[in-house]
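Data first, discussion second: the structure below is written as structure tokens.
Protein chains: 2
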Amino acid sequence: MKEKTMKSSDIQADAEFSAAERDAVYKCIFNRRDVRGQFLPTPIPDSVLARLLRAAHHAPSVGFMQPWDFIVVRDAAIRQKVRDSFEAANEEAAGMFLDEKQKTYRRLKLEGIVDAPIGICITCDRSRTGAVGLGRTHQADMDLYSAVCAVQNLWLAARVEQIGVGWVSIIRHDDLRGALGIPAEIQPIAYLCVGYVTHFLAKPELETAGWLPRTPLSDVVWIDRWHARDTPDPLLECL
Amino acid sequence: MKEKTMKSSDIQADAEFSAAERDAVYKCIFNRRDVRGQFLPTPIPDSVLARLLRAAHHAPSVGFMQPWDFIVVRDAAIRQKVRDSFEAANEEAAGMFLDEKQKTYRRLKLEGIVDAPIGICITCDRSRTGAVGLGRTHQADMDLYSAVCAVQNLWLAARVEQIGVGWVSIIRHDDLRGALGIPAEIQPIAYLCVGYVTHFLAKPELETAGWLPRTPLSDVVWIDRWHARDTPDPLLECL
Numbered sequence: 009m010k011e012k013t014m015k016s017s018d019i020q021a022d023a024e025f026s027a028a029e030r031d032a033v034y035k036c037i038f039n040r041r042d043v044r045g046q047f048l049p050t051p052i053p054d055s056v057l058a059r060l061l062r063a064a065h066h067a068p069s070v071g072f073m074q075p076w077d078f079i080v081v082r083d084a085a086i087r088q089k090v091r092d093s094f095e096a097a098n099e100e101a102a103g104m105f106l107d108e109k110q111k112t113y114r115r116l117k118l119e120g121i122v123d124a125p126i127g128i129c130i131t132c133d134r135s136r137t138g139a140v141g142l143g144r145t146h147q148a149d150m151d152l153y154s155a156v157c158a159v160q161n162l163w164l165a166a167r168v169e170q171i172g173v174g175w176v177s178i179i180r181h182d183d184l185r186g187a188l189g190i191p192a193e194i195q196p197i198a199y200l201c202v203g204y205v206t207h208f209l210a211k212p213e214l215e216t217a218g219w220l221p222r223t224p225l226s227d228v229v230w231i232d233r234w235h236a237r238d239t240p241d242p243l244l245e246c247l
Numbered sequence: 009m010k011e012k013t014m015k016s017s018d019i020q021a022d023a024e025f026s027a028a029e030r031d032a033v034y035k036c037i038f039n040r041r042d043v044r045g046q047f048l049p050t051p052i053p054d055s056v057l058a059r060l061l062r063a064a065h066h067a068p069s070v071g072f073m074q075p076w077d078f079i080v081v082r083d084a085a086i087r088q089k090v091r092d093s094f095e096a097a098n099e100e101a102a103g104m105f106l107d108e109k110q111k112t113y114r115r116l117k118l119e120g121i122v123d124a125p126i127g128i129c130i131t132c133d134r135s136r137t138g139a140v141g142l143g144r145t146h147q148a149d150m151d152l153y154s155a156v157c158a159v160q161n162l163w164l165a166a167r168v169e170q171i172g173v174g175w176v177s178i179i180r181h182d183d184l185r186g187a188l189g190i191p192a193e194i195q196p197i198a199y200l201c202v203g204y205v206t207h208f209l210a211k212p213e214l215e216t217a218g219w220l221p222r223t224p225l226s227d228v229v230w231i232d233r234w235h236a237r238d239t240p241d242p243l244l245e246c247l
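Chains as they are written, first to last, in this note's numbering: chain A, 9 to 247; chain B, 9 to 247.
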């Protein structure tokens, strides 16, 4: 590439955000939920689903690698297979918690695989752009992280479409590969349950269930060095 | 937790998004950029920085683990140290590309560590909530992915505040640990350059530079199984 002069078309038009636009983005971020139990069978129009996928596809990716694929799972039999794999893993998982924690765990609803009308599996093709990748020479997992950013974009876009998303992680990757025909060299990143919902909950379900409390933000913000800060620090006063 | 009756306070008030709010979120997603070269020295008010951190803190996290810490790096000497580590890694990285690709690589501006007024390092404390974590029994890396979702939330919030963010991945984790005093058992996830900018570019810089093209979305969307779909499929028509 030759050095070139900046053209006005190189710069974003409509680059400013109004206060109302800014507030909309924060509202989306704060009102996003991991949805397990409120799915409606209502089909998602293809035009809406396309918007979610386009949002995901515009995630940042290391070296502009775009390592993701999106498998939209409509087939009920395949979703049932994914659900069966969840059930097996979840039974193992429950046994890993002790006493009261196990009782609480068994009461939690942790997925909506069959309830939601579709699933979306996001994967990462780690060798998509060859053996050496810009930005992955010293942090090889940046491709996985890029695919996670795509998940989060899709999740936020879904929220403004009144569509709930739940990320199912209590499942073996090889079971997911089996159910969806994903090759061994492709890394599954997320299986998402996706559908319209009756409502969105005010708080995360695990917070309401007493599984863990929300950490005060001021407990996890530091200045210049790990676990270091002066008190009072004006930033900490704002948190 | 006892089974309990749903109260109206359990459900989100103001849960609907108007068309304008929806558009604002998509505008943010599409106009977010990885910023390396347009930083202004203008300080970020603490109240604004607090909003970015709150957005990050409201990312989804596996088992509500909230495994993240945020180190806000104001100190110029520490940022210079991070920059020196980048330079060393980037020289090694350049050598891994061949011929024309190496020439292109060496022309790219890949970080704004010293130009941006602050850095933010996001880390993951993998043992924060004990040995067994809900949702991590079968996918142990979900905690890392949660911290990545926090990065993406912060990035999108920054965009609506007219603040640019650049993710520096061409650096060794141990160098970052050294510069910021991060213990060996804590996993650095991202070092972000953060600051107001002169402008946002219309396209990703690596796309403009001809490093890689944007993949057509229709090349990476599949139905029910990996690399399977009927053509025409009504969803694919919408992409």
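Glycine residues also receive a C-beta, built at the ideal position from the N, C-alpha and C atoms. In this text, all values refer to a predicted model and were calculated from it rather than measured experimentally.
**Request:** Can you tell me which of the three DSSP states B/Ala-149 falls into?
**Result:** Translated into the one-based positions of the second sequence, residue 149 of chain B becomes position 141. According to the sequence displayed, residue 149 of chain B carries Asp and not Ala. Three-state DSSP puts B/Asp-149 in coil, outside helix and strand.
**Prompt:** Taking any Cβ of chain A, which residues in the region 156 to 182 of chain B have a Cβ under 8 Å from it, in chain order?
**Reply:** Of all residues in the region 156 to 182 of chain B, Val-156, Cys-157, Val-159, Gln-160, Asn-161, Trp-163, Leu-164, Ala-165, Arg-167, Val-168, Glu-169, Gln-170, Trp-175, Ser-177, Ile-178, Ile-179, Arg-180, His-181 have a Cβ within less than 8 Å of some Cβ in chain A.
**Item:** DSSP beta-bridge partners of A/Gly-172
**Value:** Taking the first sequence and counting its residues from 1, the one referred to as residue 172 of chain A is at position 164. Residue pairing for A/Gly-172: DSSP places it in a beta bridge opposite A/Gly-203.
**Prompt:** Is DSSP giving B/Thr-112 helix, strand or coil here?
**Reply:** For the purposes of this step, residue 112 of chain B is identified with residue 104 of the second sequence, where counting begins at 1. If DSSP states are grouped into helix, strand and coil, B/Thr-112 belongs with the helices.
**Item:** Helix, strand or coil at A/Asp-123 [DSSP, three-state]
**Value:** Stepping through the first sequence from its first residue, residue 123 of chain A is reached at position 115. Correct three-state label for A/Asp-123: coil.
**Asked** What's the gap between the Cα of B/Val-43 and the Cα of B/Leu-152?
**Response** If you number the second sequence from 1, residue 43 of chain B lands on position 35. If you number the second sequence from 1, residue 152 of chain B lands on position 144. Taking the straight line from one Cα to the other gives about 23 Å.
**Asked** Does the beta carbon of A/Val-122 come closer than 8 Å to any beta carbon on chain B?
**Response** Mapped onto the first sequence, residue 122 of chain A falls at position 114. No, because no Cβ of chain B sits closer than 8 Å to the Cβ of A/Val-122.
**Message:** Are the CB atoms of B/Ile-79 and A/His-146 within a distance shorter than 8 Å?
**Reply:** Position 138 of the first sequence holds residue 146 of chain A. Position 71 of the second sequence holds residue 79 of chain B. Not in contact: A/His-146 and B/Ile-79 (Cβ atoms no closer than 8 Å).
**Item:** Helix, strand or coil at A/Ala-21 [DSSP, three-state]
**Value:** By 1-based counting over the first sequence, the position of residue 21 of chain A is 13. Here A/Ala-21 sits in coil by DSSP.
**Prompt:** Any Cβ of chain A within less than 8 Å of the Cβ of B/Gly-45?
**Reply:** Here residue 45 of chain B refers to the residue found at position 37 when the second sequence is read from its first residue. Contact of B/Gly-45 with chain A is not assigned, every C-beta pair being separated by 8 Å or more.
**Message:** Assuming A/Phe-94 is part of the alpha helix (DSSP H), what are its boundary residues?
**Reply:** Locating residue 94 of chain A in the first sequence gives position 86, where the first residue counts as 1. Element bounds for A/Phe-94: 84 to 102.
**Prompt:** According to DSSP, is B/Thr-137 helix, strand or coil?
**Reply:** One-based indexing of the second sequence puts residue 137 of chain B at position 129. Correct three-state label for B/Thr-137: coil.
**Asked** How about A/Gln-88: is its C-beta nearer than 8 Å to some C-beta of chain B?
**Response** Walking along the first sequence from the start, residue 88 of chain A turns up at place 80. A/Gln-88 does not count as touching chain B.
**Prompt:** When the cut-off is 8 Å and only beta carbons count, does A/Pro-212 lie next to chain B?
**Reply:** For the purposes of this step, residue 212 of chain A is taken as residue 204 along the first sequence, with counting starting at 1. It does; some Cβ of chain B falls within 8 Å.
**Message:** Does any residue of chain A have a CB that is nearer than 8 Å to the CB of B/Pro-51?
**Reply:** Translated into the one-based positions of the second sequence, residue 51 of chain B becomes position 43. Chain A contact via Cβ: absent.
**Request:** Just confirm the distance between the C-beta atoms of A/Cys-132 and A/Ile-197, as a whole number of angstroms; I'd bet it's less than 8 Å.
**Result:** If you number the first sequence from 1, residue 132 of chain A lands on position 124. If you number the first sequence from 1, residue 197 of chain A lands on position 189. About 5 Å separates the CB atoms of A/Cys-132 and A/Ile-197; that is less than 8 Å, so the two are in contact.
**Item:** With 16 other Cβ atoms within 10 Å as the buried cut-off, status of B/Lys-15
**Value:** Counting from 1 along the second sequence, the entry for residue 15 of chain B is found at position 7. Under a 10 Å Cβ-count criterion, B/Lys-15 is classified as exposed, with fewer than 16 other Cβ atoms of the shown protein chains found around its own Cβ.
**Request:** Please state if the CB of A/Ala-102 and the CB of A/Gln-110 are separated by a distance shorter than 8 Å.
**Result:** Reading the first sequence from its first residue, position 102 is the one you call residue 110 of chain A. Reading the first sequence from its first residue, position 94 is the one you call residue 102 of chain A. Yes, they are a contact pair.
**Message:** Can you pull the chain B neighbours of A/Thr-223, defined as C-beta to C-beta under 7 Å?
**Reply:** On the first sequence, residue 223 of chain A is found 215 positions in, with the first residue counted as 1. Under the 7 Å cutoff, chain B gives Gln-74.
**Request:** Could you check how far apart the C-beta atoms of A/Ala-187 and A/Ile-86 are, in whole angstroms? I think they sit under 8 Å.
**Result:** Within the first sequence, residue 187 of chain A is the residue found at index 179, counting from 1. Within the first sequence, residue 86 of chain A is the residue found at index 78, counting from 1. The pair is a contact, with the Cβ atoms about 6 Å apart (cut-off 8 Å).
**Item:** Beta-carbon contacts of A/Tyr-199 that lie in its chain and below 7 Å, excluding the five residues immediately before and after
**Value:** Position 191 of the first sequence, counted from the start, is the residue given in the question as residue 199 of chain A. Val-90, Gly-127, Cys-129, Val-176, Ile-179, Leu-184, listed in sequence order.
**Prompt:** Does the Cβ-Cβ distance between A/Asn-161 and A/Ala-32 come in under 8 Å?
**Reply:** Locating residue 161 of chain A in the first sequence gives position 153, counting from the first residue. Locating residue 32 of chain A in the first sequence gives position 24, counting from the first residue. A distance of 8 Å or more separates the beta carbons of A/Asn-161 and A/Ala-32.
**Prompt:** Closest to B/Trp-76 by CA distance: which of B/His-66, B/Ala-84, B/Asp-83 is it?
**Reply:** Against the second sequence, residue 76 of chain B aligns to sequence position 68. Of B/His-66, B/Ala-84, B/Asp-83, the residue nearest in Cα terms is B/His-66.
**Asked** What do you get for B/Leu-275, buried or exposed, if any count of 16 or more other CB atoms within 10 angstroms of its CB means buried?
**Response** What the structure shows of chain B is the stretch from 9 to 247, and residue 275 of chain B is not part of that stretch, so it cannot be assessed.
**Item:** Helix, strand or coil at A/Thr-223 [DSSP, three-state]
**Value:** In the first sequence, the residue the question calls residue 223 of chain A occupies position 215. Note: A/Thr-223 maps to coil in three-state DSSP.
**Message:** For B/Arg-82 and B/Arg-167, which I take to be in contact (beta-carbon distance under 8 Å), what is that distance rounded to the nearest angstrom?
**Reply:** Taking the second sequence and counting its residues from 1, the one referred to as residue 82 of chain B is at position 74. Taking the second sequence and counting its residues from 1, the one referred to as residue 167 of chain B is at position 159. In fact, because the Cβ distance is near 22 Å, the residues do not count as touching under 8 Å.
**Prompt:** If you run the structure through DSSP and keep just helix, strand and coil, what is A/Ile-178?
**Reply:** Here residue 178 of chain A refers to the residue found at position 170 when the first sequence is read from its first residue. Coil, per DSSP.
**Request:** Closer than 6 Å by C-beta to A/Lys-117: which residues in its own chain qualify, once you throw out the five before and the five after it? Chain order, please.
**Result:** The residue given as residue 117 of chain A occupies position 109 in the first sequence. Answer for A/Lys-117: Arg-44, Gly-45, listed in chain order.
**Request:** With 8 Å as the threshold, decide whether the Cβ of A/Gly-203 is near any Cβ in chain B.
**Result:** Sequence index remark: in the first sequence, residue 203 of chain A carries index 195 (1-based). Output row for A/Gly-203: interface = no.
**Beta-ladder partner(s) of A/Leu-209, from DSSP** = Taking the first residue of the first sequence as position 1, residue 209 of chain A is located at position 201. Its beta-bridge partners are B/Ile-19.
**Item:** Sub-8 Å separation of A/Leu-48 and A/Gly-189 beta-carbons
**Value:** Working through the first sequence from its first residue, we reach residue 48 of chain A at position 40. Working through the first sequence from its first residue, we reach residue 189 of chain A at position 181. No, the Cβ-Cβ distance between A/Leu-48 and A/Gly-189 is not below 8 Å.
**Request:** Given a cut-off of 8 Å, decide if B/Glu-99 and B/Gly-273 are closer than it, judged by their beta-carbon atoms.
**Result:** Because chain B spans 9 through 247 in this model, residue 273 of chain B falls outside it and cannot be assessed.
**Prompt:** Could you give the distance in angstroms between the alpha-carbon of A/Asp-92 and the alpha-carbon of B/Glu-245?
**Reply:** Locating residue 92 of chain A in the first sequence gives position 84, where the first residue counts as 1. Locating residue 245 of chain B in the second sequence gives position 237, where the first residue counts as 1. So the two alpha carbons sit approximately 32 Å from each other.
**Asked** How would you label A/Gly-141, buried or exposed, when you count the other beta carbons within 10 angstroms and need 16 or more for buried?
**Response** For this step, residue 141 of chain A is matched to residue 133 along the first sequence. Around the beta carbon of A/Gly-141, a 10 Å sphere encloses 16 or more other beta carbons of the protein chains shown; the residue is thus reported as buried.
**Request:** Have a look at B/Gln-88 and B/Glu-169 and give me their C-alpha separation to the nearest angstrom.
**Result:** Numbered from 1 along the second sequence, position 80 holds the residue referred to as residue 88 of chain B. Numbered from 1 along the second sequence, position 161 holds the residue referred to as residue 169 of chain B. Take the alpha-carbon of B/Gln-88 and the one of B/Glu-169: they are about 26 Å apart.
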